[in-house]
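**Student:** For the sequence shown, this note's numbering begins at 32 and goes up steadily by one.
Cβ atoms here follow ideal geometry from the backbone N, Cα and C, with glycine treated the same way.
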Amino acid sequence: MAHVKVALAFSAATLANAACPNGGVEMHGRCWYLGAEGASCGQTCGSQGLTYDHFVAPEASPMVPLILGRAPRTRQFSWGRIECYVPGGDRYHTAKATPNSDTGDRGQPQDWAVSICRLSCACSGAADSPAETAPFPACVQQSVVLRHAGVHAIFADVSMHGAAGCWQNDCKNSDKFISDNPTLCARTCSELAECTHWTFGEQDGAKKCFFRKSDGGRETLEGWSSGTKACSPGPVPEAMQARLAGEVLRKCDAGLSDACPDMARAVNTWQYAIKNLKKAASQKLDAGTMQYVTQVEADTNAFAAQMSDQNFPLIMANNRQVFNALQSWMDSQPQVPVDANDPSLPLPVRGGFCGPVACYGTV
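1. Leu316: which of Ser359, Gly392 and Pro292 sits nearest, CA to CA?
2. Since Gln366 and Pro268 should fall inside the 8 angstroms C-beta cutoff, what is the C-beta to C-beta distance between them, to a whole number of angstroms?
3. What are the boundary residues of the alpha helix (DSSP H) that includes Gln74?
4. For Val388, which residues does DSSP report across the bridge?
5. So, Phe31 versus Cys262, is the Cβ gap smaller than 8 angstroms?
6. Measure the Cβ-Cβ separation of Cys62 and Gly55 and say whether it is below 8 angstroms.
7. May I ask you to report which of helix, strand or coil DSSP gives Asp159?
8. So within the segment 72–148, which uninterrupted alpha helix (DSSP H) runs reach at least 4 residues, ignoring any that extend past its ends?
9. Can you grab the Cα-Cα spacing for the pair Phe86 / Trp229, in whole Å?
10. So, with DSSP's three-state summary, where would you put Lys282?
11. What does a CB cutoff of less than 8 angstroms around Phe186 pick up in its chain, not counting 5 residues either side in sequence?
12. Expressed to the nearest angstrom, what Euclidean distance is found between the alpha-carbon atoms of Ala157 and Asp373?
13. State the DSSP-derived secondary structure class of Glu68, mapped to helix, strand or coil.
14. Should the segment 281–289 be called in touch with the segment 244–251, which here means at least 3 C-beta pairs below 8 angstroms?
15. Please specify which runs of the beta strand (DSSP E), each continuous and at least 3 residues long, are wholly inside the segment 226–308, giving them in chain order.
16. Whole-angstrom Cβ separation of Ser210 and Cys202, contact assumed at under 8 angstroms?
17. Closer than 8 angstroms is the cut-off here; do at least three beta carbon pairs connect the segment 166–179 with the segment 93–104?
18. Just verifying my parser: in three-state terms, what is the DSSP assignment at Lys207?
19. Is the beta carbon of Tyr116 closer than 8 angstroms to that of Cys148?
20. Within this structure, are the beta carbons of Val95 and Tyr123 separated by less than 8 angstroms?
21. Strictly by DSSP, which residues pair up with Leu177?
22. According to the Cβ coordinates, are Gly193 and Arg296 closer than 8 angstroms?
23. With DSSP as the reference, please indicate the residues paired to Glu57 in a beta bridge.
24. Would you report the Cα separation of Glu225 and Asp188, rounded to the nearest angstrom?
25. Are three or more beta carbon pairs between the segment 231–241 and the segment 268–277 nearer than 8 angstroms?
26. Can you list, in chain order, the residues of its chain whose CB lies under 7 angstroms from that of Ala389, leaving out five sequence neighbours each side?
27. Taking the alpha-carbon of Thr75 as reference, which of Ala290, Trp143, Gly120 and Leu287 has the nearest alpha-carbon?
28. Could you name the residues of the same chain whose beta carbon sits closer than 7 angstroms to that of Phe167, not counting the 5 residues immediately before and after it, in chain order?
Written out as structure tokens, the structure is:
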């Protein structure tokens, strides 16, 4: 039965060759080629008119046998970041995220070469799979985890999106946070400049979002899901986010009350509202108007660092004055339909205050 499965796998790879130039094998969204002895993958991909696109194939399904169309006589331990086939001994090494110290693999992976190795090279230019180009959530890849593996994580300020489960308990410099909602992972990645991929699954007994700068740490694992930056729900325009947050904050115009009971949450919601207004208005409003926006942003941030009952009404009033002046402009900006029950949306877009720290998730 095992021989049948191998044969079927090779047949599938052969059928996929048509998607890649010059007989390359399409797998993992890339075109794969076995380079010449001593050639780097940068050279191999370049000879096909493509560029190297780093990917470490799972240990259980290496690429060398698929490219060769057969299993070499000897499979050896994982060694470098790229699989190495040695034709003289009909043997090969699988790959891993962090190379062994004796590989000489210390620079960019596409520049690495070994005189006796034919490297298994992942090149960009393969046709996107239907799943990866489908709209969200059909584009989500199930049973796939994207591991950090020492190199693939991004560390960014995710404190607006998550408040717990961050790296070293610092959500201002983290590649993860606790969430029970994979859609929030997708939305967060789409809003982080450095993020190219996201993954969702359980760590230390809690469901979490993780953010990556590549999919090089890809592995198959039940219970996990992953996606690219483009695999996310549609964005909410920043002017619309600012406008909706401003509407929520009208409950605080008269100060603290049953309708506005929490000063920290009100101030954090104002910070969220002003941040989105500033992004939306940049390059669209005149410098004089932007000066007022910048001023209330600075005043609100300073108040957040040292809150007091005495100054709270003043901060609320100054912020409201600026938002009232720009109300018609915000109303004229693009709007999109939103579902108030979508747990991945910011809390103010769903009609509520931000939490004391984060403006997404639950409070």
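**Tutor:** Let me lay it out:
1. The sequence position of residue 316 within the sequence shown is 285, counting from 1. Comparing Cα positions, the closest option is Ser359.
2. As a first step, residue 366 is located in the sequence shown; it is residue number 335 there, counting from the start. As a first step, residue 268 is located in the sequence shown; it is residue number 237 there, counting from the start. Sure, about 7 angstroms apart at Cβ, within 8 angstroms.
3. Along the sequence shown, read from residue 1 onward, the residue named residue 74 stands at position 43. Taken as a continuous stretch (DSSP letters only), the alpha helix (DSSP H) holding Gln74 covers Cys72 to Ser78.
4. Here residue 388 is taken as the residue at index 357 of the sequence shown, counted from 1. Answer is none; Val388 lacks a bridge partner.
5. As shown, the chain starts at 32 and ends at 394. That puts residue 31 outside it, with no answer to give.
6. Translated into positions along the sequence shown, residue 62 becomes position 31. Translated into positions along the sequence shown, residue 55 becomes position 24. Contact flag set, yes.
7. Within the sequence shown, residue 159 is the residue found at index 128, counting from 1. Here the model assigns Asp159 a pLDDT of 48, short of 50, so the residue's position is not dependable, and the following value carries that caveat. Looking at Asp159 - three-state DSSP - the assignment turns out to be coil, as it is neither helix nor strand.
8. Whole alpha helix (DSSP H) segments, 4+ residues: 72–78 and 95–99.
9. Here residue 86 refers to the residue found at position 55 when the sequence shown is read from its first residue. Here residue 229 refers to the residue found at position 198 when the sequence shown is read from its first residue. Phe86 and Trp229: Cα-Cα distance of roughly 16 angstroms.
10. The sequence position of residue 282 within the sequence shown is 251, counting from 1. Reduced to three states, the DSSP call for Lys282 is helix.
11. For the purposes of this step, residue 186 is taken as the residue at position 155 of the sequence shown. If we look at Phe186 and ignore the five residues flanking it on each side, its Cβ neighbours are Trp198, Asn204, Ser205 and Asp206.
12. Taking the sequence shown and counting its residues from 1, one reaches residue 157 at position 126. Taking the sequence shown and counting its residues from 1, one reaches residue 373 at position 342. Annotation note: pLDDT 43 at Ala157 (below 50); position unreliable, coordinate value reported separately. Straight-line Cα distance between these residues: approximately 34 angstroms.
13. If you number the sequence shown from 1, residue 68 lands on position 37. Coil at Glu68, not helix or strand.
14. With the cut-off at 8 angstroms, the segment 281–289 and the segment 244–251 do not touch.
15. 228–234, 237–243 and 249–259
16. Position 179 of the sequence shown, counting from 1, holds the residue named residue 210. Position 171 of the sequence shown, counting from 1, holds the residue named residue 202. So it is not a contact: roughly 12 angstroms between Cβ atoms.
17. no
18. In the sequence shown, counting from the first residue as 1, residue 207 sits at position 176. DSSP places Lys207 in strand when its eight states are reduced to three.
19. In the sequence shown, residue 148 corresponds to position 117, counting from 1. In the sequence shown, residue 116 corresponds to position 85, counting from 1. Cβ atoms of Cys148 and Tyr116: closer than 8 angstroms.
20. Position 64 of the sequence shown holds residue 95. Position 92 of the sequence shown holds residue 123. Cβ distance < 8 angstroms, so Val95 and Tyr123 count as in contact.
21. Working through the sequence shown from its first residue, we reach residue 177 at position 146. Answer is Arg249, bridged to Leu177.
22. Residue numbering aside, residue 193 sits at position 162 when the sequence shown is read from its first letter. Residue numbering aside, residue 296 sits at position 265 when the sequence shown is read from its first letter. Not closer than 8 angstroms, so no.
23. For the purposes of this step, residue 57 is identified with residue 26 of the sequence shown, where counting begins at 1. The partner list for Glu57 (beta bridge, DSSP) reads Cys62.
24. Mapped onto the sequence shown, residue 225 falls at position 194. Mapped onto the sequence shown, residue 188 falls at position 157. For Glu225 and Asp188, the distance between alpha carbons rounds to 11 angstroms.
25. no
26. By 1-based counting over the sequence shown, the position of residue 389 is 358. The answer, listed in chain order, is Ser190, Met191, His192, Gly193 and Ala194.
27. As a working mapping, residue 75 is identified with position 44 in the sequence shown. Closest option to Thr75, Cα to Cα, is Trp143.
28. Counting from one through the sequence shown, the residue named residue 167 turns up at place 136. Once the five neighbours on either side are set aside, the close Cβ partners of Phe167 are Ala217, Cys262, Ser263 and Pro264.
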